[in-house]
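Engineer: So that we are looking at the same thing, I have put the structure below in structure tokens.
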Amino acid sequence: MQSIPVDTARLGVLRCAIAPEVKISNSETQEVKKDRDGNPVYTVAVTVRQDRRRISVIEIAVSGEPKGIEEGQIVKITGLTAFAWSMGDRHGVSFRADAITPVQAAPAQTKSGDAR
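Residue numbers for the sequence shown follow the UniProt record's numbering, so the first one is 1 and each next one is one higher.
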């Protein structure tokens, strides 16, 4: 499988579409997928929109539960890598990140003279 580093700075605004969900490796037994170190793997669906183009949704796998991520929230993705894969006549691209963290909104500016 070929890994391709992704420059997230060129992806525009990244927004959580579906909050973190644990990834299941076996749907019959509901076994949770684990990474090499035994940590559970989570997926987060993220919307990507570049330069007024159509919005795409990608699912990103990450080790350990990302904290503080809610649907609709702008997120920062660290260490994003794309992997090209194929199985028989099926093929696609999967994504993995080192971390997904919430971007804190800047506090609202107050006008001078506002009584608070």
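Think of the CB as a built atom: it goes at the ideal place given N, C-alpha and C, for glycine as much as any other residue.
1. For K33 and E21, I'd like the C-alpha separation in whole angstroms.
2. Judging by CA-CA distance, which residue of K23, E31, G12 and A9 is the nearest neighbour of V44?
3. Does DSSP classify T29 as helix, strand or coil?
4. Under the rule that 16 or more other beta-carbon atoms within 10 Å means buried, what is T78, buried or exposed?
5. So is T47 buried or exposed if we call it buried at 16+ other beta carbons inside 10 Å?
6. Is R10 helix, strand or coil when you go by DSSP?
7. If the criterion is Cβ atoms closer than 7 Å, does the pair I74 and R15 meet it?
8. In whole angstroms, what is the alpha-carbon distance linking I100 and P66?
Structural biologist: Result, derived from the coordinates:
1. Roughly 11 Å between the two C-alpha positions.
2. Distances from the alpha-carbon of V44 to those of K23, E31, G12 and A9 put K23 closest.
3. Under the three-state reduction of DSSP output, T29 falls in the coil class, being neither helix nor strand.
4. Exposed: under 16 other Cβ atoms inside 10 Å.
5. Under this definition T47 is a buried residue.
6. Helix at R10.
7. Yes, these two residues count as a Cβ contact at 7 Å.
8. So the two alpha carbons sit approximately 6 Å from each other.
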